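Heads up, the thing below is written out as structure tokens.
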Amino acid sequence: MKKTVLILLLILPRIIFSQIDEFSVMGLPTAATNVEMNGVTAAATGAILYNLEESKIFVFDGTNWVSTTNDNWLVDGNTGLPATSFLGHTDDVKMEIRSNNLPLLQFGRRQTLGLTQAYPDYTDNDQPMVHINGDGTTSALQFAASGADFYKPMFFTTTNGSFRLKGSTGGTDLFEIGSAGPANDGKLEFIIGDDGNEPIVFKRYHYSRGQFHREFFRVQGSNNTADATTRFGINLNPQEVPVDTGYDDPSNTGFNIANSTLQLEGSFSTSITSTTGNLTLTENHHTIHITGAHNITLPNANTCEGRIYILKNSTNANRTISTYRDLTNSNQTIIGSESVLWIKSDGTNWQQINNSAGSSAGGIVSTDTNNDITVGTDSGAFFDSPVKAMGKVAANGNALRINGATVTRINLGRYRVTLGTTRSTANYIVQLTIGRQNDRDMAATVLNQTTNRFDVNITDYLGDRIDRIFYFTVIDF
66 MKKTVLILLL ILPRIIFSQI DEFSVMGLPT AATNVEMNGV TAAATGAILY NLEESKIFVF
126 DGTNWVSTTN DNWLVDGNTG LPATSFLGHT DDVKMEIRSN NLPLLQFGRR QTLGLTQAYP
186 DYTDNDQPMV HINGDGTTSA LQFAASGADF YKPMFFTTTN GSFRLKGSTG GTDLFEIGSA
246 GPANDGKLEF IIGDDGNEPI VFKRYHYSRG QFHREFFRVQ GSNNTADATT RFGINLNPQE
306 VPVDTGYDDP SNTGFNIANS TLQLEGSFST SITSTTGNLT LTENHHTIHI TGAHNITLPN
366 ANTCEGRIYI LKNSTNANRT ISTYRDLTNS NQTIIGSESV LWIKSDGTNW QQINNSAGSS
426 AGGIVSTDTN NDITVGTDSG AFFDSPVKAM GKVAANGNAL RINGATVTRI NLGRYRVTLG
486 TTRSTANYIV QLTIGRQNDR DMAATVLNQT TNRFDVNITD YLGDRIDRIF YFTVIDF
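For what it's worth, the numbering used here labels the leading residue of the sequence shown as 66, then goes sequentially.
Written as structure tokens, this is what we have:
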């Protein structure tokens, strides 16, 4: 019996000390497994133990066992942390993530990171920042895209300060958007291609009849060769195209492509200005309505090759303009009254490109060499008669009826006819008829014929000059 009691006294303390007393204050080196630790739910606040499986010291906070080392992030991952856990600082100190000892990624306020600058949008010291620092000179951010055979999508910077986005399109094609250029000669580039006529397409999105896109305009090459010319098409494809959530819809199949350098399906407008005084034309002008005694000054033709101006002179007088070349390639400085003039710069001179300096001439008149119908400046057609002057002249030299000329009596039987329009040569035809007054064998002859006048000499049958009524006709062709 005594031996039995002795054995129990020796074993019982070991059994008692092998159980965790949830009301005791335990201190190191007391240890437990996860099961043993989590089995204690009513320990005194502040009780501590060492977790053999987690290799951490835990403290009972009155409800749960909490690791005293939960602010350490393990290189092999962390589990069991509360949602409030974070990696970073609780004070205003720059946080960095490094690789190869390079501070690739930085976090903090703009001022804390030293990124405040006196430029718009860079002045807010308290702006929260995520800074991709790279090696301090250049940096890049690349995205996974298993469907891209080449040109994996990437944001990157260059040593000259340019910022670009580059990536794949269509699996094997390239697009790139970004800045480039040397100091004070910068540019923004949009690049598409690889080996075909891949377009840059601008679309709008709408949801009213289901989600769809409608094309604004597109820019692309005329074909898929290296020498393709540029084509710009506006409103060529106004149809609604359902949104492809996989972004795998074709770019050219089923779509119209511009058939010229610029193709516009729809209207377009240009500026129109009515003059209030003398006007010097610039790139801001196109159509000019001349409303008064106003002169027009053109820019130098070598500064604006290809530019067109339309000038309408609605006044009843000619107006002055800088020198241009008319349809005969002669210099002109006049815009005719009640006329319209189209001019275009060839890089050296301003060239007239409409039918006349007057209103647009009609195009219904034959250009055959034997045609006597001529187009007027008001688009009307008129008969270009070969009869240039005619008249009936009294014996005293007064014109009884006359057209295209004037007449004076020089002396007895001698009259001078002056033409209203100078003829190109003096070989025009003059026909004369004498009004008879019971006289015998009178004669009328033409003397001293020039390009703008001739004399008429009338004699009786004896050859003496006499005054008589006569008729004349001038024909030229």
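In this text, a Cβ means the ideal position worked out from N, Cα and C, and glycines have one as well. Since we're looking at a predicted model, the values are computed, not measured.
Checklist entry - Between which two residues does the beta strand (DSSP E) carrying V452 extend? => result Segment 452-458, the beta strand (DSSP E) holding V452.
Next on the checklist: Quick check: the Cα distance between A508 and G456, rounded to an integer number of angstroms?
Outcome noted: Computed Cα separation, rounded: 18 Å.
Checklist entry - What's the gap between the Cα of E330 and the Cα of R163? => result Whole-angstrom Cα-Cα distance: 55 Å.
Checklist entry - So who's on the other strand from A97, going by DSSP bridges? => result A97 is bridged by DSSP to N116.
Item to check | With 16 other Cβ atoms within 10 Å as the buried cut-off, status of Q171 | outcome: Burial call: buried.
Checklist entry - For R518 versus T524, is the C-beta spacing smaller than 7 Å? => result In terms of Cβ geometry, R518 and T524 do not form a close pair [threshold 7 Å].
Checklist entry - Count the other CB atoms within 10 Å of the CB of F535; is the residue buried (16 or more) or exposed (fewer)? => result F535 is buried by the Cβ-count criterion.
Checklist entry - Under the criterion of a Cβ to heavy atom distance below 6 Å, does G319 qualify as lining the ligand FAD? => result In the structure shown, the ligand FAD is absent, as is every other ligand, since no ligand is present at all.
Next on the checklist: For the beta strand (DSSP E) containing Y312, name the first residue and the last one.
Outcome noted: Following the DSSP letters along the chain, one finds Y312 in no beta strand (DSSP E), marked with neither H nor E.
Item to check | Coarse secondary structure for A508, derived from DSSP in three states | outcome: In this structure, A508 counts as strand in the three-state DSSP scheme.
Item to check | Nearest-angstrom beta carbon gap, N300 and Q285 [assumed within contact, 8 Å] | outcome: Wrong, their Cβ atoms sit about 15 Å apart, outside the cutoff.
Item to check | Under the three-state DSSP convention, the category N461 falls into | outcome: In this structure, N461 counts as coil in the three-state DSSP scheme.
Item to check | Spatial distance of V195 from S132 (CA atoms) | outcome: Cα to Cα, the separation comes out at about 30 Å.
Checklist entry - Would G232 be called buried (16 or more neighbouring beta carbons within 10 Å of its own) or exposed? => result Buried, because 16 or more other Cβ atoms sit within 10 Å of the Cβ of G232.
Item to check | Close beta carbons around G428, own chain, < 6 Å, minus the five adjacent residues each side | outcome: Only weak support is given to the placement of G428: the predicted model assigns it a pLDDT of 49, under 50, and the question is left unresolved by the model.
Item to check | Short CB-CB distance (under 7 Å) between D506 and chain C | outcome: This model lacks chain C altogether; it includes just one protein chain.
Item to check | Limits of the beta strand (DSSP E) - the one that I15 falls within | outcome: This structure cannot settle anything about residue 15, because the visible part of the chain is limited to 66 through 542.
Next on the checklist: Tell me which residues share the same chain as N513 and place their Cβ nearer than 6 Å to its Cβ, disregarding the 5 neighbours each side in the sequence.
Outcome noted: Within the same chain, N513 has close Cβ partners D520.
Item to check | For N288, the three-state DSSP class (helix, strand or coil) | outcome: When secondary structure is reduced to three states using DSSP, N288 falls in the coil class, being assigned neither helix nor strand.
Checklist entry - Around the Cβ of T177, are there at least 16 other Cβ atoms within 10 angstroms (buried) or fewer (exposed)? => result T177 is buried by the Cβ-count criterion.
Item to check | CA-to-CA distance, N522 to V458, given in whole angstroms | outcome: In this model, V458 and N522 are separated by some 13 Å (Cα to Cα).
Next on the checklist: Measuring straight from C-alpha to C-alpha, what distance separates P94 and I113?
Outcome noted: Legend: pLDDT at P94 = 45, less than 50; position of this residue unreliable, value from coordinates given subsequently. Rounded to the nearest angstrom, the two C-alpha atoms are 10 Å apart.
Checklist entry - In terms of residue numbering, what span does the beta strand (DSSP E) encompassing D411 cover? => result DSSP places D411 outside any beta strand (DSSP E), giving it a letter other than H or E.
Next on the checklist: Under DSSP, the beta strand (DSSP E) around T347 begins and ends at which residues?
Outcome noted: Taken as a continuous stretch (DSSP letters only), T347 belongs to no beta strand (DSSP E), as it is neither H nor E.
Next on the checklist: Using the Cβ count rule (16 or more neighbours within 10 Å means buried), how would you classify F88?
Outcome noted: Confidence at F88 is low in this model, with a pLDDT of 47, below 50, so its placement is unreliable and the value that follows should be read with caution. Around the beta carbon of F88, a 10 Å sphere encloses fewer than 16 other beta carbons of the protein chains shown; the residue is thus reported as exposed.
Next on the checklist: Within 8 Å, do at least three Cβ pairs link the region 347-360 to the region 296-316?
Outcome noted: Segments in contact, no.
Checklist entry - Between G412 and the rest of its own chain, which residues show a CB-CB distance below 7 Å, the 5 nearest in sequence each way excluded? => result Within the same chain, G412 has close Cβ partners A366, N367, E370.
Item to check | Separation of F208 from F221, as counted between CA atoms | outcome: Looking at the two C-alpha atoms, the distance is approximately 12 Å.
Checklist entry - Does the separation of the CB atoms of A464 and L484 fall below 7 Å? => result No, these two residues do not count as a Cβ contact at 7 Å.
Checklist entry - When the Cα of R479 is compared with those of V452, T471, V511, which residue comes out closest? => result Comparing Cα-Cα distances from R479 to each of V452, T471, V511, the minimum goes to V511.
Item to check | Cβ pair count under 8 Å reaching 3, the region 338-352 against the region 309-316 | outcome: Because the criterion of three Cβ pairs below 8 Å is not met, the region 338-352 and the region 309-316 do not touch.
Checklist entry - Taking Cβ to Cβ, would you say F123 is nearer than 7 Å to N116? => result For the 7 Å CB-CB criterion, F123 and N116 form a contact.
Checklist entry - Going by DSSP, what residues sit across from E161 in a beta bridge? => result Beta-bridge pairing by DSSP links E161 to Q171.
Item to check | Spatial distance of D191 from L206 (CA atoms) | outcome: Straight across, the Cα-Cα distance linking D191 with L206 is about 25 Å.
Next on the checklist: Among the candidates N198, R175, D200, whose CA atom is the shortest distance from the CA of T188?
Outcome noted: Restricting attention to N198, R175, D200, the CA atom closest to the CA of T188 is found in R175.
Checklist entry - Per DSSP, what kind of secondary structure is N522 in: helix, strand or coil? => result Here DSSP, grouped into helix, strand and coil, assigns N522 to strand.
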